[in-house]
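What follows is a single structure, written as structure tokens, with notes after it.
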Amino acid sequence: MNQLENTLTSLEVAEMVGREHNNVLKDIRNIIEQIGAVKNYHTYFVEDVYKDIQGKERPCFKLTKKGCELFGGRMSGAKGTHFAMDYIERFNQMEQHIKQQTSNLSPELQMFNQLFQASANVELEQKRQAEKITAVEKSVDNISEIVALSTSDWRKQSQTIIRKIAYKLGAGTAYQEIGKQIYQETERAARCSLKIRLTNMRKTMALEGASKSSRDKKNYLDVIEKDPKLVNIYMHTVKQFAIKYQVDVA
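The opening residue of the sequence shown carries number 16 in the numbering used here; numbering runs sequentially from there.
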């Protein structure tokens, strides 16, 4: 447990519930997506990073007590009950530790501590409000930048955005999964089959005498590149995903 901020990390939560950390991250992001439109999620979950055994920074979250309650509410049966018991016990230990530290102070220092805590709470709330405003302004600016992305360098831009989304989702197979979802949404919007178009492209290349290796190298991006309308639809879809996953394109 984080001793200073009274939070649990998503790594600790993953260990407590016996799940892979990537799956816990996905669950938290799903919760954030569901509550984000009606309530500020920062009082529940705080984005953070940790260093893996190779010293590389990886995404994680800090969960407040309310965040643990929200996360635990999605689990049923014995697993949900055990998690609730564990996190309640951990937070109670932290609260008792703070109370014990305070009770050891002299009456004068206890009074000073109460005044300090009251002042600190006011300052903290002001800081939170300022951070919320800053976060909203940054989000609006970022959305504007995403919308303004041109199609002049669309292949590079789209792959960069997909990599950033995958990183936020914990890497692994996320890059392939997000890419697949974007292709599927592009096909739905354009009412076409990229697979059929790719097959036809390779057949045409074969008739023109292109080698098998060069035909095999062709992919969906090459198909999209042949059709300006598809390029626009594909990039529109990529932008939607960038906004959904709050990707910083700056």
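Backbone N, C-alpha and C fix where the C-beta goes; we use that ideal spot for every residue, glycine too.
(request) Sort out for me which residues DSSP pairs Tyr65 with in a bridge. (result) Arg73
(message) Contact between the stretch 243-255 and the stretch 159-176 is defined here as three or more beta-carbon pairs at a separation below 8 Å; is this criterion met?
(response) yes
(message) Suppose the cutoff is 8 Å on Cβ atoms and the five residues either side in sequence are ignored; what does the same chain contact list for Lys66 look like?
(response) Glu72, Arg73
(request) Can you tell me which of Asn157, Lys195, Phe86, Ile211 puts its alpha carbon nearest to the alpha carbon of Tyr260? (result) Asn157
(request) Can you give me the start and stop residues for the alpha helix (DSSP H) that Cys207 sits inside? (result) Unbroken run through Cys207: none, as it is neither H nor E.
(request) Give the single residue among Val238, Ile211, Met216, Gln199 whose Cα lies nearest to the Cα of Phe281. (result) There is no way to answer for residue 281, as the model of the chain reaches only from 16 to 265.
(request) Check the C-beta distance from Gly87 over to Phe98 and give it rounded, since I have them as a contact under 8 Å. (result) Taking 8 Å as the upper bound for CB-CB distance, Gly87 and Phe98 are in contact here, some 5 Å apart.
(request) Look at the alpha carbon of Asn107 and the alpha carbon of Asn45, and state the distance between them as a whole number of angstroms. (result) Separation of Asn107 and Asn45 (C-alpha to C-alpha, rounded to the nearest whole angstrom) is 27 Å.
(message) Taking the alpha helix (DSSP H) that Ser167 belongs to, which residues open and close that run?
(response) The continuous stretches of alpha helix (DSSP H) do not include Ser167, and DSSP gives it neither H nor E.
(request) Measure the Cβ-Cβ separation of Arg206 and Tyr190 and say whether it is below 8 Å. (result) no
(request) Give the DSSP-derived three-state secondary structure of Leu184 in the structure shown. (result) coil
(message) Considering only the alpha carbon of each residue, which of Ser167, Leu236, Asp231 lies closest to Thr201?
(response) Just measuring C-alpha positions, the residue of Ser167, Leu236, Asp231 sitting nearest Thr201 is Leu236.
(request) Check whether the Cβ atoms of Val238 and Met216 lie closer than 8 Å to each other. (result) yes
(request) Kindly list the residues whose CB is nearer than 6 Å to the CB of Met220, restricted to its own chain and excluding five residues on each side of it in sequence; keep chain order. (result) Only Arg230 meet the Cβ criterion.
(request) Tell me whether Thr214 sits in a helix, a strand or coil according to DSSP, three-state version. (result) helix
(message) One question on the structure: do Lys41 and Leu213 come within less than 8 Å of each other, judged by their Cβ atoms?
(response) no
(request) Mind checking who Thr219 pairs with in its DSSP beta bridge? (result) Note: Thr219 sits in no beta bridge, so no partner.
(message) Please return the same chain residues whose Cβ sits closer than 8 Å to the Cβ of Leu209, not counting the five positions on each side in sequence.
(response) Tyr198, Thr201, Glu202, Tyr235, Val238, Ile239
(message) Could you compute how far the alpha carbon of Val61 sits from the alpha carbon of Leu222?
(response) 56 Å
(message) Among the candidates Lys81, Asn37, Thr166, whose CA atom is the shortest distance from the CA of Tyr56?
(response) Looking from the CA of Tyr56, the closest CA among Lys81, Asn37, Thr166 belongs to Lys81.
(message) Using C-beta distances below 8 Å, list every residue in its chain close to Lys233, excluding the 5 sequence neighbours before and after it, in chain order.
(response) Leu213, Met216, Arg217, Met220
(request) Could you tell me if Ile43 is buried or exposed, where buried requires 16 or more neighbouring beta carbons within 10 angstroms of its beta carbon? (result) buried
(request) Within 10 angstroms of the Cβ of Gly194, are there 16 or more other Cβ atoms? Answer buried if so, exposed if not. (result) buried
(message) Given this structure, state the Cα-to-Cα distance separating Glu140 from Ile180, to the nearest angstrom.
(response) 31 Å
(request) For Glu35, count neighbouring C-beta atoms within 10 Å of its own C-beta (all shown protein chains included) and say buried if the count is 16 or more, exposed if not. (result) exposed
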